[in-house]
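Engineer:
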Amino acid sequence: MCHVVGMHEVTVAQSVVDAVLGEASAQGARAVTSVTLIFGELSLINTEQISFWIASFFEGSLAEGAEILIEGAPGKVECRDCGAISEVSVDPDDKLSHYLVPDFSCAHCGSPHTFICQGREMLIKSIQITK
Amino acid sequence: MHKVSDVKMGQDILRINRRIASENRELFDRHGITVFNVMGAIGSGKTCLIEHAIEMLKGEYRIACIAGDVVASYDSERMARHGVPVIPVSTGKECHLDAHFVEHALEDVDLASFDVLFIENVGNLICPADFDLGEHAKVVVVSVSEGDDIVLKHPVIFKTADLTVVNKVDIAPYVGASAEKMHKDAVSCGSSSVILTSCRKGEGLASWVSFLRSVIKGT
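Just so you know, the protein sequences line up as chains A and B, in that order. Residues in the first sequence are numbered from 224 upward in steps of one, following our numbering. Residues in the second sequence are numbered from 775 upward in steps of one, following our numbering.
See the structure below:
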């Protein structure tokens, strides 16, 4: 894994850039025109920062200027008591929602004994390339 | 016109970290080593709690530590004074340890020479939460001087913690914080277990060690 100094958005951005450029060259691409990423709403990633760093690292590569699209995935918890899966409510318009106060209790029975079953993922969904 | 095509990747960005973390965990299991990932803000008392743990457990178990910090020498000297091997990992400007740092830290040690490993994980409540190191239990240390709303500001790390330690409870009245509120908030975030401690006064340290023992016996 390549390490660049800085906050953890930078580490994650570098992983994205390595994977995208690796895939693009494996596909024989002339250019990468867009990259679609998925960040779960409970991942502790600031999407503005990550876009900025990915774009910076793309400079001078065949992905320079590629559009960076970011999709969310709602947080979900599974209840250890009743087994129900419920969505964790986070306000997507709240700029601080990536770290502010989601409620992890089970929406079905109210139990606090749940575990996060979705929402912490970080994925590269797809890339668009020209050949 | 160049041909445009969409390439589906579906690739986990943290897959390399996940893979290395599970390799670390297999390595620890093979050598019968129980590993604690101790996280928490700068000044929350992580090093002090580890020092107490070493003192209370070193008669029963062979202990080693990884001191991960932006400059690791200060904390590693403190831990080494208790007569245990310490591997300093200076992260420079990196705000967290990842599985890769831990993998390299283990290269120069004899894994047959210890039973319990404490990993002190730099110092903040955000970045370490996203990175598995291969540990058996995650501990989050939070001090009352961080303000008693700190737990609700960082719910994910408390949700994923096997133990939350609310530390420095003796100074709560002087900093206007309620340790009981922090305890309640950690429970409501879903932290598996919560204890209150004061390293200075010795309060709660028996609960700290009893948690550690229960994890060691369970692995």
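In this text, a Cβ means the ideal position worked out from N, Cα and C, and glycines have one as well.
(1) Quick one, which of Phe327(A), Val233(A), Thr353(A) and Gly333(A) has its alpha-carbon nearest Glu271(A)'s?
(2) Taking only three categories from DSSP, how would you classify Glu829(B)?
(3) Three or more C-beta pairs under 8 angstroms: does that hold for the region 909 to 928 of chain B against the region 958 to 965 of chain B?
(4) Which residues, taken in chain order from the region 788 to 807 of chain B, show a beta carbon closer than 9 angstroms to some beta carbon of chain A?
(5) Helix, strand or coil for Ala935(B), going by three-state DSSP, please let me know.
(6) Just to confirm my understanding: we take Asn791(B), look at its own chain, exclude 5 residues before and 5 after, and list those with CB closer than 8 angstroms. What are they?
(7) Can you list, in chain order, the residues of its chain with a C-beta nearer than 8 angstroms to that of Leu788(B)? Leave out the 5 residues immediately preceding and following it.
(8) Check the Cβ-Cβ distances between Gly817(B) and every residue of chain A, and say whether any is below 7 angstroms.
(9) In three-state DSSP terms, what is Gln785(B)?
(10) Would the beta-carbon of Ser864(B) be found less than 6 angstroms away from any heavy atom of the ligand GTP?
(11) Round the Cβ separation of Glu301(A) and Phe327(A) to the nearest angstrom and send it over; I've been treating them as touching at under 8 angstroms.
(12) Between which two residues does the beta strand (DSSP E) carrying Ala254(A) extend?
(13) Between Ala846(B) and chain A, is any beta-carbon pair separated by less than 7 angstroms?
(14) For the structure I just gave you, are there three or more beta carbon pairs, one from the region 855 to 870 of chain B and one from the region 887 to 904 of chain B, closer than 8 angstroms?
(15) Taking only runs that begin and end inside the region 924 to 980 of chain B, name each unbroken alpha helix (DSSP H) of 4 or more residues, in chain order.
(16) DSSP state of Gly814(B), grouped into three classes?
(17) Would you report the Cα separation of Val863(B) and Ile807(B), rounded to the nearest angstrom?
(18) At a Cβ cut of 9 angstroms, what residues of the region 905 to 936 of chain B count as close to chain A, listed as they run along the chain?
(19) For Met783(B), would you say it is in contact with chain A, using Cβ-to-Cβ distances shorter than 7 angstroms as the test?
(20) Which class does His321(A) belong to by DSSP, given the choice of helix, strand or coil?
(21) Tell me whether Asp959(B) is buried or exposed, calling it buried when 16 or more other Cβ atoms sit within 10 Å of its Cβ.
(22) Within 7 angstroms (strictly less), CB to CB, does Val777(B) reach chain A?
(23) List, in chain order, every chain B residue whose beta-carbon is nearer than 7 angstroms to that of Pro325(A).
(24) Which stretch, first to last residue, makes up the alpha helix (DSSP H) that contains Phe875(B)?
(25) When the cut-off is 7 angstroms and only beta carbons count, does Ile969(B) lie next to chain A?
(26) With contact counted as at least three CB pairs below 8 angstroms, one residue from each stretch, are the region 839 to 854 of chain B and the region 329 to 347 of chain A in contact?
(27) Identify, in the order they occur along the chain, each residue of the same chain with its Cβ nearer than 8 angstroms to the Cβ of Pro332(A), setting aside the five sequence neighbours on each side.
(28) Could you pull out every residue in the same chain whose Cβ sits closer than 7 angstroms to the Cβ of Gly251(A), ignoring the five residues on either side in sequence?
(29) For Ile352(A), go through chain B and note every residue whose CB falls closer than 7 angstroms to its CB, in chain order.
(30) Does the beta carbon of Ala903(B) come closer than 7 angstroms to any beta carbon on chain A?
(31) Quick one: does Asp786(B) have its CB under 7 angstroms from some CB of chain A?
(32) Starting from Asp843(B) and walking both ways along the beta strand (DSSP E), at which residues does that stretch end?
(33) Taking the alpha-carbon positions, what's the Phe280(A) to Val240(A) distance?
(34) Spatial neighbours of Cys340(A) within its chain, please: C-beta separation below 7 angstroms, excluding the five flanking residues on both sides.
(35) Could you tell me which residues DSSP pairs with Lys912(B) in its beta bridges?
(36) For the region 273 to 287 of chain A and the region 937 to 953 of chain B, state whether three or more C-beta atom pairs, one from each stretch, are separated by less than 8 angstroms.
Structural biologist: Quick answer:
(1) Residue mapping note: residue 271(A) aligns to position 48 of the first sequence, counting from 1. It is Val233(A) whose Cα lies nearest to the Cα of Glu271(A).
(2) Along the second sequence, one-based indexing puts residue 829(B) at 55. Three-state DSSP puts Glu829(B) in a helix.
(3) Judged by Cβ distances under 8 angstroms, the region 909 to 928 of chain B makes contact with the region 958 to 965 of chain B, as three or more pairs qualify.
(4) Leu788, Arg789, Ile790, Asn791 and Ile794
(5) Residue numbering aside, residue 935(B) sits at position 161 when the second sequence is read from its first letter. Three-state DSSP puts Ala935(B) in coil, outside helix and strand.
(6) Taking the second sequence and counting its residues from 1, the one referred to as residue 791(B) is at position 17. Cβ within range, chain order: Asp872, Ala873, His874, Phe905 and Asp906.
(7) The count along the second sequence starts at 1 and reaches residue 788(B) at position 14. The answer, listed in chain order, is Asp904 and Phe905.
(8) The count along the second sequence starts at 1 and reaches residue 817(B) at position 43. Closer than 7 angstroms: no.
(9) Position 11 of the second sequence, counted from the start, is the residue given in the question as residue 785(B). Taken through DSSP and simplified to helix, strand or coil, Gln785(B) comes out as strand.
(10) Inclusion of the ligand GTP in the displayed structure is not the case, the ligand content being empty and no account of it being possible.
(11) As a working note, residue 301(A) is residue 78 in the first sequence. As a working note, residue 327(A) is residue 104 in the first sequence. Actually they are not in contact, since the Cβ atoms of Glu301(A) and Phe327(A) sit about 11 angstroms apart, beyond 8 angstroms.
(12) Taking the first sequence and counting its residues from 1, the one referred to as residue 254(A) is at position 31. That run of the beta strand (DSSP E) goes Ala254 to Gly263.
(13) In the second sequence, residue 846(B) corresponds to position 72, counting from 1. Chain A contact via Cβ: absent.
(14) yes
(15) Runs of the alpha helix (DSSP H) lying entirely within the region 924 to 980 of chain B, each at least 4 residues long, are 924 to 927, 929 to 933, 946 to 949 and 953 to 963 in chain order.
(16) Sequence index remark: in the second sequence, residue 814(B) carries index 40 (1-based). Note: Gly814(B) maps to strand in three-state DSSP.
(17) The residue given as residue 863(B) occupies position 89 in the second sequence. The residue given as residue 807(B) occupies position 33 in the second sequence. One C-alpha to the other measures close to 19 angstroms.
(18) Phe905, Leu926, Lys927, His928, Pro929, Val930, Ile931, Lys933 and Thr934
(19) On the second sequence, position 9 is the one that residue 783(B) refers to. Yes, contact with chain A.
(20) Working through the first sequence from its first residue, we reach residue 321(A) at position 98. With a pLDDT of 48 at His321(A), under the threshold of 50, the modelled position of this residue cannot be trusted, and the question is left open.
(21) Counted from its first residue, the second sequence places residue 959(B) at position 185. Asp959(B) should be labelled buried.
(22) Taking the second sequence and counting its residues from 1, the one referred to as residue 777(B) is at position 3. What sits at residue 777(B) in the sequence shown is Lys, not Val. Yes, contact with chain A.
(23) By 1-based counting over the first sequence, the position of residue 325(A) is 102. Correct list: Pro929.
(24) Looking up residue 875(B) in the second sequence gives position 101. Counting along the chain, the alpha helix (DSSP H) containing Phe875(B) begins and ends at Ala873 to Ala879.
(25) If you number the second sequence from 1, residue 969(B) lands on position 195. No - not a single Cβ of chain A is within 7 angstroms of the one on Ile969(B).
(26) no
(27) Working through the first sequence from its first residue, we reach residue 332(A) at position 109. The displayed chain sequence assigns Cys, not Pro, to residue 332(A). Excluding residues within five positions, the ones whose Cβ falls inside 8 angstroms are Cys302, Asp304, Cys305 and Ala307.
(28) As a first step, residue 251(A) is located in the first sequence; it is residue number 28 there, counting from the start. Excluding positions up to five away in sequence, the list reads Lys354.
(29) Here residue 352(A) corresponds to residue number 129 of the first sequence, with the count starting at 1. Simply Ser779 and Val781.
(30) The sequence position of residue 903(B) within the second sequence is 129, counting from 1. Chain A contact via Cβ: present.
(31) For the purposes of this step, residue 786(B) is identified with residue 12 of the second sequence, where counting begins at 1. So yes, Asp786(B) belongs to the interface.
(32) Here the question's residue 843(B) lines up with position 69 in the second sequence. Start and end: Ile837 to Asp843.
(33) Along the first sequence, read from residue 1 onward, the residue named residue 280(A) stands at position 57. Along the first sequence, read from residue 1 onward, the residue named residue 240(A) stands at position 17. In this structure, the alpha-carbon of Phe280(A) lies about 7 angstroms from that of Val240(A).
(34) To locate residue 340(A), count along the first sequence from 1; it is residue 117. The residues are Lys299, Val300, Glu301 and Ile308.
(35) For the purposes of this step, residue 912(B) is taken as the residue at position 138 of the second sequence. DSSP lists Asn811(B) as partners of Lys912(B).
(36) No contact exists between the region 273 to 287 of chain A and the region 937 to 953 of chain B.
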